[in-house]
Amino acid sequence: MHTYGLTKKLDAVTGAQPSTWKEKALFRKNNQDWLKHSQAIVVRILEGLRDKNISQKLLAEKLGVSSQQVSEILKGKENFTVQTIT
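Residue numbers (the UniProt record's numbering): 1 to 86.
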């Protein structure tokens, strides 16, 4: 009975959703090469934005995409194509 109470409290604190850290780590390991390439592209884009004093919002307008999509791309959360960034 005591163990059940501790488990219930632990579930309340940590949440019922299982952690996905292992899947995320495996994904990064399996996709290491293209993730590094993608990171290099994002760094160049961010440097270009800074050098030209262009906001992510203005970049989104010029690309014809939402500012949320640009944000996700620059965070590495969304895959992008050459068509998207040209």
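Each residue gets a CB set at the ideal place from its N, CA and C atoms; glycine is no exception. In this text, all values refer to a predicted model and were calculated from it rather than measured experimentally.
Check whether the Cβ atoms of residue i and residue j sit closer than 8 Å, and answer yes or no.
{"i": "Q56", "j": "S66", "result": "no"}
{"i": "G15", "j": "V42", "result": "no"}
Pick out whichever of the options has its Cα sitting closest to the Cα of residue i.
{"i": "L63", "options": "K22, I45 and R28", "result": "I45"}
{"i": "V82", "options": "R50, K52 and S38", "result": "S38"}
Nearest-angstrom Cα distance between residue i and residue j?
{"i": "A60", "j": "G5", "result": "51 Å"}
{"i": "A12", "j": "P18", "result": "13 Å"}
{"i": "E47", "j": "L58", "result": "15 Å"}
{"i": "W21", "j": "H2", "result": "29 Å"}
Mapping the DSSP letters down to three states, classify residue i as helix, strand or coil.
{"i": "T20", "result": "coil"}
{"i": "T81", "result": "coil"}
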